[in-house]
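If you read the protein sequences in the order shown, they are chains A and B. Sequential numbering of the first sequence, starting at 1, is according to full-length UniProt numbering. Sequential numbering of the second sequence, starting at 1, is according to full-length UniProt numbering. Heads up: the structure comes next, in C-alpha cells.
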Amino acid sequence: MFLHQQIRKPLLATFQQIRSKRTTAISPEVQKLVTQLSVLSAGRKQPRLLKLCNEDYVKHQIITKAWSQLRNQKKKSDEALLNKQLESMSFACEELKKISPELYNLANKKEYGKRFPLEMRVPTEYPPRNIWYYDYVPPVAKGSKK
Amino acid sequence: MFKKQLFSQARSFATEVAASSSTSTTPITSVNAAIILSRTPIVTPEIPEFEQKYYQYQEELERRLMWTFPRWYYFKKGTVAEREFSKAQIYPIPKHRGVWFPKGVPDIKHGRDRRFKETIILPKKHQEEEATHASQASGAGDAQVSELEDVARPIKLNQRTTEADAKNDQTSLERQLSRTLYLLVKQNNGSWKFPSFQLKDNSTALHEVAEQGLRSIGGVNINTWTVSSTPAGVVKYGAKGEVVGPTSEGSTTEFLLKSHIIAGKFELQKNDNVKEHKWVSRDEIKELVNDEYFEQVGHLLAKV
Chain A
1 MFLHQQIRKP LLATFQQIRS KRTTAISPEV QKLVTQLSVL SAGRKQPRLL KLCNEDYVKH
61 QIITKAWSQL RNQKKKSDEA LLNKQLESMS FACEELKKIS PELYNLANKK EYGKRFPLEM
121 RVPTEYPPRN IWYYDYVPPV AKGSKK
Chain B
1 MFKKQLFSQA RSFATEVAAS SSTSTTPITS VNAAIILSRT PIVTPEIPEF EQKYYQYQEE
61 LERRLMWTFP RWYYFKKGTV AEREFSKAQI YPIPKHRGVW FPKGVPDIKH GRDRRFKETI
121 ILPKKHQEEE ATHASQASGA GDAQVSELED VARPIKLNQR TTEADAKNDQ TSLERQLSRT
181 LYLLVKQNNG SWKFPSFQLK DNSTALHEVA EQGLRSIGGV NINTWTVSST PAGVVKYGAK
241 GEVVGPTSEG STTEFLLKSH IIAGKFELQK NDNVKEHKWV SRDEIKELVN DEYFEQVGHL
301 LAKV
C-alpha cells in the first residue's frame, strides 16, 4: 500500500504543476518603453545623499580652495607671460623698423594661405612606435631655397 | 576717389620709411638673425602630484554620486552576454535580520550598495586571454612583424621614456617626449646660445636668413616650419660680445625668430662657428646659458 502511494504522489504533482501560458499585463512594446524610461529616471538608481562630517567638510573646502588658488596663480602667470611675449615682439619689430625699413617690410609681408603643416602631430598620452621621422628629403621645387 | 586718397597716403608713408632708412646709422652686417628651433612635445605633459591627487579625488566623488548602471537596459534578460556580465560582478552582501554589519546596514538597490560607489567589472573575453598567452609564449623578431599584422592583438602601450632619456643623450630628438626641446649650439668662446647668423644685405628677409643658416649647420634634410616672419624678440650685444639691456645701444643686434622642426635628421655639418649642439628643455637652457642671455630670451620659451 505504501508503495502504491509513493508512485502516485509524483504523478499528481506533475499534473498540478502544469500552468497555463503566462499573461502579462503590459505588451512588449510598452515594456520596452518602460525599460527605456527607467534609464532616464532616477527611480531606485540614485545613490544615497553624501553626508560629510565636519572634519571631512573642512578637508573638502581646503582642497577646493587650494585648487582654485593654483588655477588662479597659473592663469595670472600665463597672462603675464603672454603680455611679456607681446611686448617683446612689438619691441623687436620697432627695433627692426629703426635699423632697416626694408627688412621690416619684408617681415610684415602678408603670407596668404599659411597653415600649420599636416605632418605636425598633437601630443598623445603614449608615444607612437616610430617616435621621429628621420628619412626626410626636401622636395626639389623650381624655386627651392637651398 | 577715396581709394586714391588712401593709396596716396600709403605712398607718402612708404617714402617716409624709405627716407628714414638713409638716416639709420646701424650697418646691416651688425644685425644677426637667430633661430629658436623647437621640437614640440610628442606626449602629453607630466601631471604634477597635487593635480593628480585632485583629479583622483574628483573622480571618486563623481563615481560615488553616479546613478546605478542600468544593466537591464544594456543586457537583455536570458542572453549569454547578460549571464557573463552578471557572473563577472562582485555583489554586496545583502542585509539580514540578526546580523551585525560593522560598516553599517547595507542599502542595496539593483545590486548596488547605495552608500558607496558602484564598481563595474567587464567580463574578459576568451579571445583576449588567448592572445595574451600567445604573445607571452612567442619571442621577438619575426613574431613581432606578424603580430603587428594581427588586428585582434592586445593593446600594448609604448614607454613614455626612451633610450635617449636613459643615456641622457642630449643630441637626440627622442629625449624628454613630454617637453618642448630647443636647439642650442656652442659658440667658439664656449658659451651656449641659439644658432644665429649674420645678415649680408637688405634683400633677404630675417626668417629666410635664419632658415638658410640652420641648413648650413644642420644639413638640408630637415623639415621646419617658420612660426612667423616677424621677430619674436631682440637681444643686443656690446662691443665685447656681452649681452646688454634692450634699451641701451648695442654694437650687434640679434633678432630671434621662432620655428618648429617637424621631421628629418639634424646632423651637425663641418663648420667653423659651431662644433656642438644640444636639444634641451627650458630648465636645461637656464643652466646652460648665462643669466643675462636667459633674461632676454626666457619668456619666449615654453614651460612645458
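All C-beta atoms, glycine included, are put in the ideal place defined by N, C-alpha and C. Please read all numbers here as calculations on a predicted model, not as lab measurements.
Contacts that residue i makes with chain A (C-beta to C-beta distance below 7 Å)
i                 : result
Pro246 of chain B : Phe91
Ala263 of chain B : Glu119, Tyr133, Tyr136
Chain-ordered neighbours of residue i on chain B, where CB pairs are closer than 8 Å
i                 : result
Val39 of chain A  : Pro70, Tyr73
Asn108 of chain A : Ser229, Thr230
Glu111 of chain A : Ser229
Ala42 of chain A  : Trp67
Ser88 of chain A  : Ala232, Gly233, Val234, His299, Leu300
Lys84 of chain A  : His299
Asp62 of chain A  : Note that residue 62 of chain A corresponds to Ile in the displayed sequence, not to Asp. The contacting residues do not exist; Ile62 of chain A stays about 12 Å from chain B at best.
Residue span of the alpha helix (DSSP H) that contains residue i, given as start and end
i                 : result
His207 of chain B : 206-218
Glu59 of chain B  : 49-64
Lys84 of chain A  : 54-99
Val80 of chain B  : 80-88
Thr35 of chain A  : 28-40
Trp72 of chain B  : 71-74
Ile285 of chain B : 282-288
Phe116 of chain B : Note, Phe116 of chain B: premise wrong, no alpha helix (DSSP H); not H, not E.
Gln46 of chain A  : Segment: none, Gln46 of chain A is in no alpha helix (DSSP H) and carries neither H nor E.
Phe101 of chain B : First-last for Phe101 of chain B: undefined, no H or E at that position.
Glu267 of chain B : Here Glu267 of chain B belongs to no alpha helix (DSSP H), and DSSP marks it neither H nor E.
Where residue i falls, given that 16 or more other Cβ within 10 Å makes a residue buried
i                 : result
Asp78 of chain A  : exposed
Trp100 of chain B : exposed
Gly139 of chain B : Reliability of the predicted coordinates at Gly139 of chain B is poor, the pLDDT of 49 falling under 50, and the value obtained from them is presented with this limitation in mind. Label assigned to Gly139 of chain B: exposed.
Tyr293 of chain B : buried
Val105 of chain B : exposed
Val243 of chain B : buried
Asp201 of chain B : exposed
Phe7 of chain B   : Note on Phe7 of chain B: pLDDT 48, under 50, position unreliable in the model; the coordinate value appears next. Burial call: exposed.
Leu103 of chain A : buried
Val31 of chain B  : buried
Asp291 of chain B : exposed
Ala80 of chain A  : exposed
Ala92 of chain A  : buried
Asp150 of chain B : exposed
Gln176 of chain B : buried
Ser22 of chain B  : For Ser22 of chain B, the pLDDT reaches just 41, beneath the cut-off of 50, and the residue's location in the model is therefore unreliable, although a value from the coordinates is still provided. Exposed is the call here.
Glu46 of chain B  : exposed
Glu35 of chain A  : One detail in the question is off: residue 35 of chain A reads as Thr in this sequence, not Glu. So Thr35 of chain A counts as exposed.
Glu55 of chain A  : exposed
Leu40 of chain A  : exposed
Leu157 of chain B : exposed
Phe116 of chain A : exposed
His207 of chain B : buried
Val140 of chain A : exposed
Arg129 of chain A : exposed
Lys76 of chain B  : exposed
Leu301 of chain B : buried
Interface residues of chain A facing residue i [CB-CB closer than 8 Å]
i                      : result
Arg64 of chain B       : Pro47, Leu50
Ile90 of chain B       : Going along chain A, no residue has its Cβ under 8 Å from Ile90 of chain B, so there is no contact; the nearest lies around 18 Å.
Ala210 of chain B      : Going along chain A, no residue has its Cβ under 8 Å from Ala210 of chain B, so there is no contact; the nearest lies around 11 Å.
residue 382 of chain B : The displayed coordinates of chain B run from 1 to 304. Any statement about residue 382 of chain B would go beyond what the structure contains.
Assumed close pair residue i, residue j - CB separation to whole angstroms, cut-off 8 Å
i                 : j                 : result
Trp279 of chain B : Gln159 of chain B : The Cβ separation is near 19 Å, so there is no contact.
Ala232 of chain B : Ser88 of chain A  : 7 Å
Lys117 of chain B : Arg64 of chain B  : 4 Å
Ser178 of chain B : Pro41 of chain B  : 6 Å
Thr26 of chain B  : Thr253 of chain B : 7 Å
Leu183 of chain B : His299 of chain B : Contact flag wrong, Cβ pair sits at about 18 Å.
Phe266 of chain B : Gly218 of chain B : 4 Å
Lys258 of chain B : Val227 of chain B : 4 Å
N-terminal and C-terminal residue of the beta strand (DSSP E) that residue i is part of
i                 : result
Glu249 of chain B : Premise fails: Glu249 of chain B is in no beta strand (DSSP E) and is neither H nor E.
Tyr181 of chain B : According to the sequence provided, residue 181 of chain B is Leu. The question's Tyr does not apply to it. Leu181 of chain B -> beta strand (DSSP E) spans 181-186.
Ala33 of chain B  : 31-39
Val235 of chain B : 233-237
Gln198 of chain B : 196-198
Thr68 of chain B  : From DSSP, Thr68 of chain B is part of no beta strand (DSSP E); its letter is neither H nor E.
Asn223 of chain B : 222-226
Per-residue contacts from residue i into chain A (C-beta, under 9 Å)
i                 : result
Arg160 of chain B : Glu125, Tyr126, Pro127
Glu174 of chain B : Pro127, Ile131, Trp132
Chain E within 9 Å of residue i, Cβ atoms only
i                : result
Gln73 of chain A : Within the model displayed, chain E is absent; protein chains A and B are what it includes.
Chain B contact residues for residue i, given Cβ-Cβ distances below 7 Å
i                : result
Glu95 of chain A : Val234, Thr253
Neighbouring residues, chain B, relative to residue i (Cβ below 9 Å)
i                : result
Leu81 of chain A : His299, Lys303
Ile26 of chain A : Those within 9 Å of Ile26 of chain A in chain B number zero; the least Cβ separation is about 15 Å.
**Prompt:** What are the residues of the stretch 98-120 of chain B that lie near chain A, defined by any Cβ-Cβ distance shorter than 7 Å?
**Reply:** Going along the stretch 98-120 of chain B in chain order, one finds Asp107, Lys109, His110, Arg114, Arg115 with a Cβ nearer than 7 Å to chain A.
**Request:** Can you give me, in chain order, the residues of the stretch 289-302 of chain B that have a beta carbon less than 7 Å from any beta carbon in chain A?
**Result:** Listed by position along the chain: His299, Leu300.
**Prompt:** Of the residues that make up the stretch 266-286 of chain B, which ones have a beta carbon closer than 8 Å to any beta carbon in chain A?
**Reply:** Listed by position, the residues of the stretch 266-286 of chain B near chain A (Cβ gap below 8 Å) amount to none.
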